[in-house]
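Visitor: Handing you this structure, nothing more for now.
In the UniProt record's numbering, the protein residues as written are 1 to 368.
Right, dumping it as structure tokens:
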């Protein structure tokens, strides 16, 4: 996930900023042939059906409806947790630190918006039958994006808590359910692998006082090696079809981190190749920031700092860029520049654990 790289230790998710995506963006493209009445009945029933073939189709359709492109990402997340995940409105509101009434209104608005949609929607079966490959890919990508956002919501980016394990666990459960429905979709397999591998470090990511422990300083004996084994197996499975999707690439990167028994065993040259490929596939300043860290680990901190110059316009004023620059300056022995960057990052982050970590880093450098 992003936080560990931004704190200067080289691991990050490639999605764009969680808050902007969740608060404002639409879920994705694609169209729909289901009637308005079908929308209302499908979503308002709540709960995942049983295990028959028809039930599996219904569950998959419910995933697709909850992640409809007519919805904002925030609405899609809430509706997916309610309708597919079976969480109560109170549970969802508590996870997102919102009043229950606010979350109830969000879910109600989402249901009404779905009922009012009149764009045609091809169900999964229809898309396969009629060859709507482009639409199918867009809709699967939309569902994966929503599940990824639910997972990243579990790694709190503001406030005093560093993570909300209930949301991360729910995202993994839903990703596992989706993988059961679409076992031959490489990106679905890759997302499940990515979530398992990122979550495998949760016990080592937070110290006894609630402080952030970056990747390079974690006690790797605390990692969940059962989850790592499953995640690596899934990565191997999905890569057998070729390395073509963004989640496949991210999962491959996560697997390389997870398989390193010591920080110095990390295969940074391969990670750099993967980030370069991901940046070509999915141009994004956060991907470039990750690539800068990988460049620094392969070619030295000066080379990594050079890459960050590309981000002065797109990430200026953000703590992510300052935190990575602080780490790279520290690697290069530029103590004053590192202190300045860490201090700036600490001022800009809304996460209390990240702020405390960055201030501690700056204080240690000042003391020499």
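Ideal placement from N, C-alpha and C gives every residue a C-beta, glycine not left out.
(1) How many whole angstroms separate the CB atoms of residue 106 and residue 78, which I take to be in contact at a CB cut-off of 8 Å?
(2) Along the chain, where does the alpha helix (DSSP H) that runs through residue 263 open and close?
(3) Buried or exposed: residue 9, going by 16 or more other Cβ atoms within 10 Å of its Cβ?
(4) By how many angstroms is the C-alpha of residue 354 removed from the C-alpha of residue 364?
(5) With H, G and I counted as helix, E and B as strand and the rest as coil, what does DSSP make of residue 212?
(6) To the nearest angstrom, how far is the alpha carbon of residue 438 from that of residue 173?
(7) May I ask you to verify whether the stretch 329 to 338 touches the stretch 301 to 311, counting CB pairs closer than 8 Å and requiring at least 3?
(8) How about residue 190 and residue 238: do their beta carbons lie closer than 8 Å?
(9) Within 10 Å of its beta-carbon, does residue 226 have 16 or more other beta-carbons around it, so buried, or fewer, so exposed?
(10) From this set, 345, 271, 262, 246, which residue's C-alpha is nearest residue 253's C-alpha?
(11) Kindly confirm or deny that the stretch 310 to 328 and the stretch 336 to 345 touch, where touching means at least three C-beta pairs closer than 8 Å.
(12) Note down, in chain order, each residue of its chain lying with its Cβ closer than 8 Å to the Cβ of residue 305, except the 5 sequence neighbours on either side.
(13) State the Cα-Cα distance for the pair residue 49 and residue 64, rounded to the nearest angstrom.
(14) Answer with buried or exposed for residue 210, where buried requires no fewer than 16 other C-beta atoms within 10 angstroms of its C-beta.
(15) Three or more C-beta pairs under 8 Å: does that hold for the stretch 244 to 259 against the stretch 273 to 290?
(16) I'd like to check one pair, residue 87 with residue 170: are the Cβ atoms closer than 8 Å?
(17) Are the C-beta of residue 111 and some C-beta of chain B separated by less than 8 Å?
(18) I need the straight-line Cα distance from residue 85 to residue 212, nearest angstrom please.
(19) Helix, strand or coil, according to DSSP, for residue 72 in the structure here?
(20) If I measure Cβ to Cβ from residue 348 and keep anything under 6 Å in the same chain, skipping five residues before and after, which residues do I get?
(21) With 16 as the cutoff for other CB atoms within 10 Å, does residue 316 come out buried or exposed?
(22) Helix or strand or just coil, what does DSSP make of residue 351?
(23) Mark residue 185 as exposed unless 16 or more other C-beta atoms lie within 10 angstroms of its C-beta, in which case mark it buried.
(24) Where does the unbroken alpha helix (DSSP H) through residue 83 begin, and where does it stop?
(25) Determine the closest residue to residue 264 out of 231, 218, 368, with distance taken between C-alpha atoms.
(26) Indicate the three-state DSSP secondary structure (helix, strand or coil) for residue 29 in the structure shown.
(27) Tell me, please, which residues DSSP counts as bridged to residue 206.
(28) So which of 102, 59, 58 has the shortest CA-CA distance to residue 75?
(29) Return the CA-CA distance between residue 367 and residue 289, expressed in angstroms with no decimal places.
(30) Can you find the residues in the same chain that come closer than 7 Å, C-beta to C-beta, to residue 180, ignoring five residues on each side of it along the sequence?
Guide: Taking the geometry as given:
(1) 5 Å
(2) Counting along the chain, residue 263 falls outside any alpha helix (DSSP H), and DSSP gives it neither H nor E.
(3) Low confidence applies to residue 9: its pLDDT is 43, below 50, so where it sits in the model is not reliable enough to give any reading.
(4) 15 Å
(5) strand
(6) Any answer about residue 438 is impossible in this case: the structure gives the chain only from 1 up to 368.
(7) Taking 8 Å as the limit for Cβ pairs, the verdict is that the stretch 301 to 311 does touch the stretch 329 to 338.
(8) With a cutoff of 8 Å on beta-carbon distance, residue 190 and residue 238 are scored as near each other.
(9) exposed
(10) Of the candidates 345, 271, 262, 246, the residue whose Cα lies closest to the Cα of residue 253 is 271.
(11) Between the stretch 310 to 328 and the stretch 336 to 345, the count of C-beta pairs closer than 8 Å reaches three or more; the two stretches touch.
(12) 292, 296, 325, 328, 329, 332
(13) The predicted position of residue 49 is uncertain, since its pLDDT is 40 and thus under 50; a value taken from the coordinates is nonetheless stated next. Roughly 15 Å between the two C-alpha positions.
(14) It is exposed - the Cβ of residue 210 has fewer than 16 other Cβ atoms within 10 Å.
(15) yes
(16) yes
(17) The chain inventory of the structure shown lacks chain B, comprising one protein chain alone.
(18) 29 Å
(19) strand
(20) 319
(21) exposed
(22) strand
(23) buried
(24) Neither: residue 83 is in no alpha helix (DSSP H) and is coded neither H nor E.
(25) 218
(26) Confidence at residue 29 is low in this model, with a pLDDT of 40, below 50, so the placement of that residue is unreliable and no value is reported for it.
(27) 212
(28) 102
(29) Answer to the nearest angstrom: the Cα atoms are 28 Å apart.
(30) If we look at residue 180 and ignore the five residues flanking it on each side, it has no Cβ neighbours.
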